[in-house]
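Below is one structure, written out as structure tokens, with a few remarks after it.
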Amino acid sequence: MTQLTPRPLDGITVISLEHAIAAPFCTRQLADLGARVVKVERPGTGDFARGYDQRVDGLASHFVWTNRSKESLTLDLKQDAAGGILEALLAKADVLVQNLAPGAAARMGLSFEALQARFPRLIVCDISGYGEGGPYEKKKAYDLLIQSEGGFLSVTGGPGEDEMAKAGCSIADIAAGMYAYTGILSALMLREKTGVGSRIDVTMLESLVEWMGYPMYYAYNGAPPPARAGASHATIYPYGPFPTGGGGTVMLGLQNEREWALFCEKVLLDPSLATDERFSANFKRSENREALRQIIVDGFAALSVEEVVERLENAQIANARVNDMQGVWDHPQLKARDRWREVDSPSGKLPSLLPPGHNTAFTPRMDGVPGLGQHTGGILSELGFSAQEQARLGAAGVV
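Structure representation (structure tokens):
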């Protein structure tokens, strides 16, 4: 495919009043599909995620991940002069995305109801922690707090009372960003049928609770919830990480009795274990997991990771290496499928993973990570502001 190949969202313009992760992750994916995304940032500081760390050649890891292929416009929305600029942008936009503090967008006249009269085709996507109404409407919502409120922490981590663990990535933000992204796509499709825009109301809490469906239903009607089992499965065993000789770790998973028999015969080299009364059904293996774990650990102790994986593969038992981040950067499957590209950034070229879900009809957009305000001049010129007017706006701190 060439760069001239049409993308699904070519011609769609998105204005985003965004910070942190949920909204930027949503809009980056829209940009992947060809949308023009104008990221409105505070002059001088910008999206506060720019300052989270300096791990990527001086840039913040979160920011690099969620902001490629966007245009950065600095605009102080608290100044009156900014209102006209934003109004001009929205007049040409298809979508407005915002994850400002609760109520902030409405106070600036950016609620869907206020905008619809002037821009009837505009789609508005509001992303928040808890949503409008209810006792939590104005409560601050960060990813870890939503993991807690949404029950994720109660089923994640080790079995002890003080061993709960958060996810190692921002799953509540990611969940909200994904539902915002798909919601916007569906709203664009709906607009083709109705001719008018609509509002999408996405909350981090509802997004994560949807993902908690299995443990919620497992604990239906007051039943005990799944026990915290670390990296092991709470109810299927053996299903989790096991150490090997040399300090390595292998993740393996058994799903049925046929696989259990093959595991005993071809991996542990002890077919008699398959009919051991302690382990002859999954619920028994789960109840006696400590005894079974010791047998497996002893069986793997003299084997390297490679040798254990070879036995598991020969027995057709599902398995995985427990990779660290360098192992993911170097993953042979990602390399074999040519999933890495380079994108520009203020710090030079950076590796970037192609969006999941390869479509043979088009090439995803993979443009650079913007510097703060990098596109302000170009956007203002496009809106008709002269060089002198831009200079005055800059001097006044509006841009």
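For the sequence shown, position 391 (counting from the first letter as 1) is numbered 391 according to the UniProt record's numbering, and the numbering increases by one without interruption.
For glycine and all other residues, C-beta sits at the position ideal for the given N, C-alpha and C.
Buried or exposed, going by whether 16 or more other CB atoms sit within 10 Å of the CB of V297? In the sequence shown, the residue the question calls residue 297 occupies position 297. Flag for V297 reads exposed.
Buried or exposed: E137, going by 16 or more other Cβ atoms within 10 Å of its Cβ? Indexing the sequence shown from 1 puts residue 137 at position 137. Counting Cβ neighbours within 10 Å, E137 comes out exposed, since fewer than 16 surround it.
With 16 other Cβ atoms within 10 Å as the buried cut-off, status of G327: Taking the first residue of the sequence shown as position 1, residue 327 is located at position 327. Classification of G327: exposed, given that the 10 Å Cβ count is below 16.
Cβ atoms of D173 and D201: under 8 Å apart, would you say? In the sequence shown, the residue the question calls residue 201 occupies position 201. In the sequence shown, the residue the question calls residue 173 occupies position 173. No.
Kindly indicate which residue of L262, E149, N256 and V124 has the alpha-carbon position closest to the one of S198. Translated into the one-based positions of the sequence shown, residue 198 becomes position 198. The residue with the shortest Cα to Cα distance from S198 is V124.
Cβ shell of M164 (< 6 Å), same chain only, five flanking positions each side left out: What you label residue 164 is simply residue 164 of the sequence shown in a count that begins at 1. The answer, listed in chain order, is L153 and G157.
With a threshold of 8 Å, are at least 3 pairs of Cβ atoms found where one atom belongs to the stretch 21–34 and the other to the stretch 91–98? yes
What does the Cβ neighbour count give for C364, buried or exposed, with the cut at 16 atoms within 10 Å? Position 364 of the sequence shown, counted from the start, is the residue given in the question as residue 364. Before going further, note that residue 364 is Pro rather than Cys in the sequence given. So P364 ends up on the buried side.
Taking its Cβ as the centre, do 16 or more other Cβ atoms sit within 10 Å of K70, making it buried, or is it exposed? The residue given as residue 70 occupies position 70 in the sequence shown. K70 comes out buried.
Which value, in whole angstroms, describes the spacing of the CA atoms of V250 and Q79? Walking along the sequence shown from the start, residue 250 turns up at place 250. Walking along the sequence shown from the start, residue 79 turns up at place 79. Each residue's alpha carbon lies about 57 Å from the other.
What residue does the alpha helix (DSSP H) around G378 start on, and which one ends it? For this step, residue 378 is matched to residue 378 along the sequence shown. First-last of the alpha helix (DSSP H) with G378: T376 to E382.
A101 versus R339 - alpha carbon distance: As a position in the sequence shown, residue 101 is number 101, starting the count at 1. As a position in the sequence shown, residue 339 is number 339, starting the count at 1. Rounded to the nearest angstrom, the two C-alpha atoms are 36 Å apart.
From E277 to N288, what does the alpha carbon distance come to, in whole angstroms? For the purposes of this step, residue 277 is identified with residue 277 of the sequence shown, where counting begins at 1. For the purposes of this step, residue 288 is identified with residue 288 of the sequence shown, where counting begins at 1. If I take the Cα positions, the gap works out to 10 Å.
Whole beta strand (DSSP E) runs in the stretch 273–353 with 3 or more residues, listed along the chain? 318–321, 340–343 and 350–353
From R258, H19, V14 and H331, residue whose alpha carbon lies closest to that of R121: The sequence position of residue 121 within the sequence shown is 121, counting from 1. Checked all of R258, H19, V14 and H331; the closest Cα to R121 is V14.
Check D126 in the structure and name its three-state DSSP category. Locating residue 126 in the sequence shown gives position 126, counting from the first residue. Correct three-state label for D126: strand.
Distance between beta carbons of A231 and P241, contact taken as under 8 Å: In the sequence shown, the residue the question calls residue 241 occupies position 241. In the sequence shown, the residue the question calls residue 231 occupies position 231. Right, their Cβ atoms sit about 5 Å apart.
Top-ranked residue by Cα proximity to K266, from G378, E313, K335 and G51: Numbered from 1 along the sequence shown, position 266 holds the residue referred to as residue 266. Of the listed residues, the one whose Cα sits closest to K266 is E313.
How long is the line joining the alpha carbons of K187 and Y179, rounded to whole angstroms? In the sequence shown, the residue the question calls residue 187 occupies position 187. In the sequence shown, the residue the question calls residue 179 occupies position 179. Checking the sequence, you will find Ala at residue 187 rather than Lys. Using only the alpha carbons, I get a separation of about 12 Å.
Based on the DSSP output, what are the partners of P243 in its beta bridges? Position 243 of the sequence shown, counted from the first residue, corresponds to residue 243. Looking at the DSSP assignment, P243 forms a beta bridge with T249.
Using a Cβ distance threshold of 8 Å, determine whether the stretch 103–113 contacts the stretch 204–211, with at least three qualifying pairs required. no
Look up Q255 in the DSSP assignment and say whether it is helix, strand or coil. Against the sequence shown, residue 255 aligns to sequence position 255. Three-state DSSP puts Q255 in coil, outside helix and strand.
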